[in-house]
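Respectively, the protein sequence lines represent chains A and B. Here the first sequence is numbered in the working numbering, starting from 256 and rising by one per residue. Here the second sequence is numbered in the working numbering, starting from 257 and rising by one per residue.
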Amino acid sequence: MPFIPHTANDIREMLAVIGVPDIDALFDEIPRELRCEVLESIPAGLTEMEVGRLMEERATRDGRRLNFIGAGAYEHHIPAAIWAIVARGEFYSAYTPYQAEASQGTLQLLYEFQSMMTSLTGMQASNASLYDGASAVAEACLMAVRANRRSKSARILVPAALNPVYRAVLASITGNQDVSVEVLPYDARGGHLSTAALEKYRGEDVTALVIQQPNFFGTLEDVDALTDLAHAEGMLVIAVVNPTSLAVLKPPGEWGSKGVDIVCGEGQPLGVPLSSGGPYFGFMTTRMEHVRQMPGRIVGRTVDLDGKPGYTLTLQAREQHIRRSKATSNICTNQGLLVTAATIYLALLGAKGLAQVANASIERTAQLVAALTRIRGVHAVFDRPRFNEAVLQLDRPVAPVLEALTARGIVGGYDLAPHYPALGCALLVCATETRTAADIDAYARALAEVLDEAAAA
Amino acid sequence: MSKVPADLRYLKSHEWARLESDGSVTIGISDHAQQALGDLVFVEVPEPGRRVMAGEACAVVESVKAASDIYSPVSGEIIAGNAELGGQPELINRDPYGGGWIMRVRPEDKSQFAALLDAKAYEAALAAETH
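(1) So is Met257(B) buried or exposed if we call it buried at 16+ other beta carbons inside 10 Å?
(2) Relative to the C-alpha of Gly679(A), which candidate in Pro498(A), Ile493(A), Leu649(A) has its C-alpha closest?
(3) May I ask you to list, following chain order, the residues of the region 304-320 of chain B that have a beta carbon less than 7 Å from some beta carbon of chain A?
(4) Using C-beta distances below 6 Å, list every residue in its chain close to Ala381(B), excluding the 5 sequence neighbours before and after it, in chain order.
(5) What did DSSP end up calling Trp338(A) once you bin it into helix, strand or coil?
(6) Mind listing, in chain order, the continuous alpha helix (DSSP H) runs of no fewer than 4 residues lying wholly within the region 348-392 of chain A?
(7) Please decide whether Phe369(B) counts as near chain A, where near means a Cβ-Cβ distance under 8 Å.
(8) Using a 10 Å radius around the Cβ and a threshold of 16 neighbouring Cβ atoms, would you call Tyr347(A) buried or exposed?
(9) Comparing alpha-carbon positions, which option in Gly446(A), Ala443(A), Val465(A) lies nearest Glu437(A)?
(10) Looking at the secondary structure, which residues open and close the beta strand (DSSP E) in which Val612(A) lies?
(11) Taking the C-alpha atoms as reference points, what is the distance between Phe369(B) and Pro524(A)?
(12) Are Ser384(A) and Gly522(A) close, meaning C-beta to C-beta below 8 Å?
(13) Suppose you measure from the CA of Leu568(A) to the CA of Val320(B); what does that come to, to the nearest Å?
(14) Cα-Cα, which of Gly332(B), Val301(B), Leu296(B) is closest to Ala310(B)?
(15) Run through DSSP, which three-state label would Ala485(A) get?
(16) In chain order, what residues of the same chain have a beta carbon less than 6 Å from the beta carbon of Trp510(A), not counting five sequence neighbours either side?
(17) Taking all protein chains shown into account, decide if Asn403(A) is buried (16 or more other Cβ within 10 angstroms of its Cβ) or exposed.
(18) Jot down the residue ranges of each uninterrupted alpha helix (DSSP H) in the region 275-327 of chain B, minimum 4 residues, whole runs only, in chain order.
(19) With C-beta atoms as the reference, is Ile411(A) less than 8 Å away from Thr462(A)?
(20) Determine whether the Cβ of Ala339(B) lies closer than 8 Å to any Cβ atom of chain A.
(21) What in chain E is Cβ-close to Ala322(B), meaning under 9 Å?
(22) Ignoring anything shorter than 3 residues or poking outside the region 423-448 of chain A, list the beta strand (DSSP E) runs there in chain order.
(23) Please report the straight-line C-alpha distance between Val515(A) and Pro363(B), rounded to a whole angstrom.
Next up, the structure:
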């Protein structure tokens with residue numbers, strides 16, 4: 256069988272069977288004026304040689320800059336073994352297979368992934384992944400609306416310190432689904448969500464509360480108190496977490512007296528390269544009582560007729576090939592290849608290795624904050640414990656400073672001004688285990704120079 | 257042949273309804289429906305207190321083959337869901353008109369019940385479906 260979907264011959268034969276002269280005739284019912292013959296904004300195709308050269312040139316422009324930006328995607332060391340194994344033919348697929356049970360190896364890997372994610376998050380069931388962290392948050396909110404049957408309001412509370420990109424995607428996905436999303440302010444001193452901000456909703460019908468830990472500012476939230484307060488008010492609790500942080504922080508399944516209801520997040524820190532913003536993958540776990548409301552594919556372990564273990568897709572009645580428009584989601588394509596990398600990453604590092612990565616990141620971030628705040632005109636903004644990011648206040652607008660740092664080969668962080676104007680000249684910086692003491696010194700020297708030059712100008 | 261008790265009313269979508277002495281209406285799925293679905297593995301019953309319209313999907317039955325919505329034959333308030341089905345969805349396979357009931361509704365308008373299919377009309381609908 257050739258790996259060409261239809262040859263010209265196949266197409267002619269198929270058209271002959273249904274008695275249609277050519278493919279265009281199949282589109283007759285679309286009025287001529289609605290058809291766009293040529294997409295003018297899309298340039299003509301390039302050859303492989305031309306594309307190769309173009310991409311090399313662009314990569315060179317990126318250069319090998321020293322990176323201190325996180326803001327949702329994190330540069331971690333990726334052992335060479337991971338992508339060498341992922342690239343093996345047996346694993347090289349972006350999808351859960353359509354003839355699923357014929358691919359026992361892929362299903363076993365996904366089952367291992369799910370087991371790792373339930374263990375990391377302290378929950379009972381995991382899906383086989385989602386597109387990315389942002390869409391996972393939106394899917395979790397829609398899931399909460401289905402799962403919280405005592406609530407009639409479809410109201411979701413999200414903290415202002417939830418990643419603003421996630422908030423934008425949440426608005427796009429839920430915008431036409433009668434879900435209302437309300438933003439809770441962050442505490443000006445701690446950068447966290449105070450219980451007082453949540454207390455205001457006492458006695459109201461609210462479907463779910465989203466808590467991001469660590470939040471977008473890198474600040475640790477008071478997750479136990481928030482979870483208990485939300486549960487006491489009949490809300491479900493959705494945790495948005497950085498999977499690396501769970502090696503050292505309390506898993507969401509243990510937050511408060513009952514644990515949260517849904518956990519989701521961005522899986523990129525687990526062995527997936529930054530690569531200009533994607534592809535990444537999202538993950539989601541939950542309690543057994545809500546498993547039928549969880550979107551995405553789920554792999555289960557079972558036994559065959561001879562009693563031998565085997566893997567199978569399970570709980571498919573929730574899915575779109577069976578429930579059509581009433582499925583738990585119609586955009587739950589997973590990211591099989593990246594999940595494969597994450598599973599191998601976790602297997603290779605183990606619990607201890609992941610904790611070392613998390614602890615080293617906390618340490619380097621603390622060193623980075625200490626080094627940068629020694630510079631005149633630079634202050635740390637929030638006073639609560641952090642994970643691998645921190646908000647710094649500069650004495651002048653951040654964007655030109657970042658530009659000057661880029662010219663010195665340093666990606667200095669994320670300018671918070673567009674999303675959080677109230678924070679003034681605020682810069683979000685990040686350090687992981689990949690940043691050495693020398694890297695941090697180099698950044699501190701460069702920043703001091705840039706600020707001196709700007710002050711002198 | 258599937259059983260179609262003469263004292264019940266039916267919907268073409270295979271729900272049955274029984275008028276209780278207190279005026280409430282008990283709802284389940286017919287013997288034909290449970291046979292067609294096969295072994296049931298999960299039932300989602302509605303929360304008491306919810307208001308439903310006649311024809312509104314308010315419960316879900318999931319079998320090894322498919323998941324299907326259950327429509328309320330009458331408008332009114334849900335006053336009970338069969339909690340037994342949580343642990344034993346197979347009650348619907350075993351006893352669709354008894355222990356396998358799904359929910360109870362307090363109807364707003366008694367004439368809606370009277371307008372449902374009687375056993376004869378439902379049997380005719382089943383015969384038409386299979387031919």
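C-beta: ideal position from N, C-alpha, C; glycine also.
Result, derived from the coordinates:
(1) When all chains shown are included, Met257(B) counts as exposed.
(2) Taking only the C-alpha atoms, the option nearest Gly679(A) is Leu649(A).
(3) Glu318
(4) Non-local C-beta neighbours of Ala381(B) in its own chain, meaning closer than 6 Å and more than five positions away in sequence, comprise Lys268, ordered along the chain.
(5) helix
(6) 359-376
(7) no
(8) exposed
(9) Of all alpha-carbon atoms in Gly446(A), Ala443(A), Val465(A), the one lying nearest the alpha-carbon of Glu437(A) is that of Val465(A).
(10) Taken as a continuous stretch (DSSP letters only), Val612(A) belongs to no beta strand (DSSP E), being part of the alpha helix (DSSP H) at 591-628.
(11) Using only the alpha carbons, I get a separation of about 59 Å.
(12) Yes, these two residues count as a Cβ contact at 8 Å.
(13) 13 Å
(14) Gly332(B)
(15) helix
(16) Val478, Asp479, Thr482
(17) buried
(18) 287-293
(19) yes
(20) no
(21) Of the chains in the structure shown, none is chain E; the protein chains are A and B.
(22) Entirely contained in the region 423-448 of chain A, the beta strand (DSSP E) runs reaching 3 residues are, in chain order, 435-439.
(23) Straight-line Cα distance between these residues: approximately 37 Å.
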